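To start, the structure under review is shown below, and the notes come after it.
Number of protein chains: 2
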Amino acid sequence: MARPLVPLISIDALVTAALELVDEAGDFSLPKLAKRIGVSQSSIYNHVSGREEILELMRGRIISESPYEIRGGDWEAALRTIVRSYRDAFARHPRLAPLLVLQTVQDHQVLALYENLAVALESAGFRGRDVLSAISTIDSFALGFALDLAAPDVVWAPPSEGFPALASALSNAGPADERGEAAFEFGLEILIAGLHSLLRSTVL
Amino acid sequence: MARPLVPLISIDALVTAALELVDEAGDFSLPKLAKRIGVSQSSIYNHVSGREEILELMRGRIISESPYEIRGGDWEAALRTIVRSYRDAFARHPRLAPLLVLQTVQDHQVLALYENLAVALESAGFRGRDVLSAISTIDSFALGFALDLAAPDVVWAPPSEGFPALASALSNAGPADERGEAAFEFGLEILIAGLHSLLRSTVL
DNA sequence: GACATTAAGCGAAAGGCTTTCGTTTATCGT
DNA sequence: ACGATAAACGAAAGCCTTTCGCTTAATGTC
Chain A
332 MARPLVPLIS IDALVTAALE LVDEAGDFSL PKLAKRIGVS QSSIYNHVSG
382 REEILELMRG RIISESPYEI RGGDWEAALR TIVRSYRDAF ARHPRLAPLL
432 VLQTVQDHQV LALYENLAVA LESAGFRGRD VLSAISTIDS FALGFALDLA
482 APDVVWAPPS EGFPALASAL SNAGPADERG EAAFEFGLEI LIAGLHSLLR
532 STVL
Chain B
332 MARPLVPLIS IDALVTAALE LVDEAGDFSL PKLAKRIGVS QSSIYNHVSG
382 REEILELMRG RIISESPYEI RGGDWEAALR TIVRSYRDAF ARHPRLAPLL
432 VLQTVQDHQV LALYENLAVA LESAGFRGRD VLSAISTIDS FALGFALDLA
482 APDVVWAPPS EGFPALASAL SNAGPADERG EAAFEFGLEI LIAGLHSLLR
532 STVL
């Protein structure tokens with residue numbers, strides 16, 4: 332086929348289809364992506380540089396789909412808002428998270444998110460390299476919880492004997508999504524409380 | 332070739348070679364693994380079920396290489412010990428972490444680690460579903476920092492303009508490994524302080 | 001001791017994947 | 001008018017994982 336009158340492929344449609352594949356199957360490949368939008372594999376390379384760029388585009392897409400607004404409020408509220416927004420983005424597409432950990436962040440929206448984090452932490456009173464340490468810590472939390480969303484319902488499946496404390500903890504858990512939600516809120520509280528505590532001990 | 336007098340392949344050597352490949356190249360494949368131990372690809376399937384099992388074996392190996400001991404001490408010390416040990420395991424093989432996030436944990440050693448975590452948290456005073464929430468939080472934290480070790484030296488590369496707070500934070504950072512170490516210790520303090528704080532507020 | 005079964009190597013090949021290349025033809029700019 | 005660019009295609013190269021059938025040494029059974 333020659334060049335069509337209107338392009339058959341748009342980057343938007345490409346990303347949408349790729350995201351659908353990831354949501355359904357936990358992964359995507361160019362042959363499957365091409366089949367879904369009714370196009371040949373090789374045509375895709377006329378629009379993006381390759382698989383990696385598609386992944387990065389998906390990162391940008393889901394972050395954009397989860398907008399947040401920081402108005403006024405104190406640093407604590409800002410921090411909660413940012414972390415929740417980040418987590419919500421991955422909650423909508425849980426299986427995307429594992430595919431993104433191998434790649435460097437380049438997306439502008441995500442950088443802006445970290446900028447907002449840095450501002451909030453400075454206004455909280457953190458200085459010097461503590462700002463970056465705090466960002467790294469928050470990042471680890473957020474990424475870890477995003478990955479948790481992609482985990483199977485039963486994350487740890489201990490044999491029936493030999494792990495009593497773990498088994499007991501698991502027996503107290505409700506359904507998987509509820510457990511994940513409770514754990515995230517719990518973790519966020521710990522994070523905030525820990526930051527407060529560190530601020531107190533360094534300021535004094 | 333027929334069956335040799337002594338097996339050419341041992342699982343130990345297999346895992347060692349695979350780990351070397353991951354350390355060197357950030358990934359491994361069966362052809363490369365076979366070449367390294369001087370054997371054909373297909374022979375490997377006489378010893379393991381496939382790629383996934385090799386990954387799981389590597390997980391077990393690095394955890395075993397980073398033994399820890401919990402004697403006496405309070406829950407706080409136990410928690411520090413466990414998390415440090417986990418992180419040290421991945422610090423020795425940073426590039427393995429991203430390869431493991433897609434897989435469920437089955438390794439016995441790792442399950443034992445979580446069991447110890449559950450015991451420590453119960454002795455701290457956490458009850459019911461809070462135990463699992465705390466485990467998830469600690470898990471997110473540890474996994475996030477393990478992944479951080481595999482990240483490129485410059486994790487965030489903001490353009491020279493538009494992200495002043497982030498740029499300033501980055502300018503205060505020393506060399507990459509030092510930054511990672513500082514951030515981990517910082518995060519561990521936050522985690523511990525946050526847990527203390529939550530204990531206080533629920534017990535009162 | 002003879003003999004069937006298992007273990008552990010091999011090569012070949014199937015079927016996936018990403019990416020590159022050459023070809024075709026419509027559109028756009030000069 | 002016409003050359004350059006854009007956007008499709010098919011074919012193929014070169015990875016990858018896994019399966020299959022073939023060979024032969026070791027092991028266990030009658």
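Here the protein sequences come in this chain order: A and B.
Count the first sequence with the numbering used here and you get residues 332 to 535, in order.
Count the second sequence with the numbering used here and you get residues 332 to 535, in order.
Glycine residues also receive a C-beta, built at the ideal position from the N, C-alpha and C atoms.
Since this is a predicted model, take the numbers as computed values, not measurements.
Euclidean distance between Cα positions of residue i and residue j
i               : j               : result
F387 of chain B : V436 of chain B : Reading the sequence as shown, one finds Glu at residue 387 of chain B and not Phe. Spanning the two alpha carbons is a distance of roughly 8 Å.
G587 of chain A : A513 of chain B : Given a span of 332 to 535 for chain A in the structure shown, any question on residue 587 of chain A remains unanswerable.
S471 of chain A : L474 of chain B : 7 Å
P489 of chain A : G456 of chain A : 43 Å
L444 of chain B : R411 of chain B : 12 Å
S502 of chain B : D508 of chain B : 15 Å
L442 of chain B : S397 of chain B : 15 Å
F494 of chain A : L352 of chain B : 34 Å
I521 of chain B : I523 of chain A : 9 Å
V337 of chain A : E400 of chain A : 37 Å
L339 of chain A : D438 of chain A : 26 Å
L530 of chain B : S532 of chain A : 18 Å
K363 of chain B : Q372 of chain B : 8 Å
E492 of chain B : A498 of chain B : 9 Å
I368 of chain B : A356 of chain B : 16 Å
S416 of chain A : D354 of chain A : 19 Å
L519 of chain A : A422 of chain B : 26 Å
N447 of chain A : N377 of chain B : 53 Å
G459 of chain B : E383 of chain B : 34 Å
T347 of chain B : G381 of chain B : 16 Å
R402 of chain B : R418 of chain B : 20 Å
K366 of chain A : G391 of chain A : 23 Å
P290 of chain B : P335 of chain A : Lying outside 332 to 535, the shown extent of chain B, residue 290 of chain B is not represented and no answer is given.
Partner residues on chain B for residue i, Cβ-Cβ distance less than 8 Å
i               : result
L350 of chain A : Under the 8 Å cutoff, chain B gives no residues; its nearest Cβ is about 18 Å from L350 of chain A.
F359 of chain A : Those within 8 Å of F359 of chain A in chain B number zero; the least Cβ separation is about 14 Å.
V450 of chain A : A496
Contact set between residue i and chain A, taken where Cβ atoms lie within less than 8 Å
i               : result
Y376 of chain B : Those do not exist, as Y376 of chain B stays about 23 Å from chain A at its closest Cβ, beyond 8 Å.
L501 of chain B : L463
A504 of chain B : R460 and L463
Residue i vs residue j beta-carbon contact at 8 Å
i               : j               : result
A449 of chain B : I466 of chain B : yes
E453 of chain A : A496 of chain B : yes
A451 of chain B : A500 of chain B : no
V432 of chain A : I469 of chain A : no
I393 of chain A : H424 of chain A : yes
A420 of chain B : M389 of chain B : no
G294 of chain B : G511 of chain A : Residue 294 of chain B lies beyond the range of chain B shown here (332 to 535); nothing can be said about it.
D358 of chain B : L430 of chain B : yes
S528 of chain B : S528 of chain A : yes
CB-CB length for residue i against residue j, believed under 8 Å
i               : j               : result
S395 of chain B : Q440 of chain B : 6 Å
D461 of chain B : F517 of chain A : 7 Å
L427 of chain B : I385 of chain B : Actually they are not in contact, since the Cβ atoms of L427 of chain B and I385 of chain B sit about 11 Å apart, beyond 8 Å.
A504 of chain A : L463 of chain B : 5 Å
V370 of chain A : I342 of chain A : Incorrect: roughly 13 Å between the Cβ atoms, too far for contact.
Residue i beta carbon near the ligand PLP (any heavy atom closer than 7 Å)
i               : result
A422 of chain B : What this structure holds is no ligand at all, so the ligand PLP is not there to describe.
Interface partners of residue i on chain B, CB under 7 Å
i               : result
W487 of chain A : V436, L442 and Y445
L433 of chain A : P429
I466 of chain A : A500
Chain B contact residues for residue i, given Cβ-Cβ distances below 9 Å
i               : result
P362 of chain A : In chain order: nothing, as chain B lies at least about 20 Å away.
Contact list for residue i against chain A, beta-carbon separation under 9 Å
i               : result
S397 of chain B : What S397 of chain B touches in chain A: nothing, since even the nearest Cβ is about 19 Å away.
Closer than 7 Å at the beta carbon, the chain A residues around residue i
i               : result
E453 of chain B : A496
* Contacting positions in the segment 507-529 of chain A - beta carbon closer than 7 Å to chain B -> R510, A513, A514, F517, G518, E520, I521, L522, A524, G525, L526, S528 and L529
* Taking any Cβ of chain A, which residues in the segment 470-482 of chain B have a Cβ under 7 Å from it, in chain order? -> D470, S471, F472, L474, G475, F476, L478 and D479
* Compile a chain-ordered list of the residues in the segment 338-349 of chain B whose CB is closer than 7 Å to at least one CB of chain A. => none
* What are the residues of the segment 414-430 of chain B that lie near chain A, defined by any Cβ-Cβ distance shorter than 9 Å? -> A428, P429 and L430
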